[in-house]
Amino acid sequence: MKIGLIPIDNRPCTMQFPCQLGRIIKTEIIIPPAEILGDFLQPNNTP
55 MKIGLIPIDN RPCTMQFPCQ LGRIIKTEII IPPAEILGDF LQPNNTP
């Protein structure tokens, strides 16, 4: 099974933890690259 996830920023609690949980239940979590996501203190840089 695959699940697409768009995290609100690149913090571990919104980006890494869901992927770790996906590995536990043998599910692939697909997320966008971290460099296009916002940071906790700075918004993303997409047009």
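Residues 55 to 101 (our numbering) make up the sequence shown, in order. Using N, Cα and C, we set each Cβ at its ideal position, and we do this for glycine too. Keep in mind that this is a model prediction, so the values were computed, not measured.
Less than 8 Å between the CB atoms is what I'm expecting for Pro61 and Leu91, so what's the real figure, rounded?
That belief holds up - the Cβ atoms of Pro61 and Leu91 are roughly 6 Å apart, short of 8 Å.
Restricting to Cα atoms, I'd like to know which of Arg65, Asp63, Ile79 and Gln96 is closest to Ile57.
Out of Arg65, Asp63, Ile79 and Gln96, the CA that lies nearest to the CA of Ile57 is found in Ile79.
Residue span of the beta strand (DSSP E) that contains Ile84, given as start and end:
Here the beta strand (DSSP E) through Ile84 covers Glu82 to Ile84.
So for Gly76, helix, strand or coil by DSSP?
Looking at Gly76 - three-state DSSP - the assignment turns out to be helix.
Near Ala88, what residues of its chain come up, given a Cβ to Cβ distance below 7 Å and the 5 sequence neighbours on each side ignored?
Residues of the same chain with a CB within less than 7 Å of the CB of Ala88, apart from the 5 flanking positions on each side, are Asn64 and Met69 in chain order.
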